[in-house]
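Below is one structure, written out as structure tokens; comments come after it.
In our numbering, the protein residues as written are 2 to 256.
Here it is in structure tokens:
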């Protein structure tokens, strides 16, 4: 392995010796940082085409250009498009949980790189990148917002404005665990509000909402409605993982 010259290269080489790159999934030592070992890679169920152009849910077969899922037809979401990197199972579930509950903010830059590849078309159209906000009480308990960590990294990678203060969670909501789809919608209804400064920034802008996990869409749906009421021209959604019916469990939480 070759390094450049100068003080920065010395520190880089020293860092590789003291803290060798490891697999994001199991910490097995690897040659390159931010990658997966051969054992962990197969457990990441990537969401690839063909998928619903609105909800981003995968199809079993290619149904043709522009074909929308029955779910999107029966219950159209307030956002225009949603995309996710992987199904919320196996490694994807573990990474999301480590970022959210175990202070693994070091995972955010690597997860954001996967999101950049999966959501390239959304990022290309985005005028602002907005994370799903936490209520201040929960923020003080957790000390960081996992959605904001992902959004900040994405904004840097895509060279798009990071706008975390355009919307706030004005009331604390119950944890979504154990709630059905209707209960989740009721839980977050009216929970989000665009700020006065946000109304100025949002006017006629296309917004990309970033979250860690898409479960039923209740949270990102409520955020999208608030942003549209606040003046946004359109809203897209990008998450790291996506819960599908065959991958749902009681561990699938929304903030």
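Where is the CB? At the ideal position from N, CA and C, for every residue including glycine. What you are looking at is a predicted structure, and each value in this text was computed from that prediction instead of being measured.
Who are the near neighbours of residue 51 in its chain, counting only those whose CB is closer than 6 Å to its CB and skipping five residues on each side?
60 and 63
Inspect the CB distances between the stretch 91-98 and the stretch 120-129 and report whether three or more fall short of 8 Å.
no
Would you call residue 113 buried or exposed, if buried means 16 or more other Cβ atoms sit within 10 Å of its Cβ?
buried
Does the distance from the C-beta atom of residue 245 to that of residue 168 stay below 8 Å?
no
Where the alpha helix (DSSP H) containing residue 285 begins and where it ends
Because the chain is modelled from 2 through 256, residue 285 falls outside the range shown and cannot be assessed.
Taking only three categories from DSSP, how would you classify residue 170?
strand
Other residues of its chain near residue 203: CB distance less than 8 Å, five sequence neighbours each side excluded:
129, 167, 195, 228, 231, 232 and 233
Quick one: residues in its chain with C-beta nearer than 8 Å to the C-beta of residue 22, no 5 flanking neighbours on either side, listed in chain order?
30, 31, 32, 33, 34, 35 and 36
What's the gap between the Cα of residue 54 and the Cα of residue 159?
21 Å
Between 38, 43 and 85, which has its C-alpha nearest residue 57's C-alpha?
85
Tell me residue 142's beta-bridge partners as DSSP assigns them.
None, per the DSSP bridge assignment.
Please report the distance separating the alpha-carbon of residue 17 from that of residue 110.
Annotation note: pLDDT 49 at residue 17 (below 50); position unreliable, coordinate value reported separately. Cα-Cα distance, rounded: 18 Å.
Per DSSP, which residues does residue 1 bridge with? Please list them.
The structure shown does not extend to residue 1, since the chain is modelled only from 2 through 256, so no value can be given for it.
Opposing strand residues paired with residue 70 [DSSP bridges]
DSSP lists no partner for residue 70.
Can you give the Cα-Cα distance for residue 171 and residue 219, rounded to whole angstroms?
16 Å
Element boundaries [alpha helix (DSSP H), containing residue 55]:
Where residue 55 is concerned, there is no enclosing alpha helix (DSSP H), given that its DSSP letter is neither H nor E.
Cβ-heavy atom distance between residue 215 and the ligand SAH below 7 Å?
For the ligand SAH, the structure offers nothing, since it holds no ligand at all.
State the Cα-Cα distance for the pair residue 131 and residue 77, rounded to the nearest angstrom.
22 Å
Round the Cβ separation of residue 211 and residue 80 to the nearest angstrom and send it over; I've been treating them as touching at under 8 Å.
The pair is not a contact, with the Cβ atoms about 12 Å apart (cut-off 8 Å).
Less than 8 Å between the CB atoms is what I'm expecting for residue 207 and residue 152, so what's the real figure, rounded?
About 15 Å separates the two Cβ atoms, so there is no contact after all.
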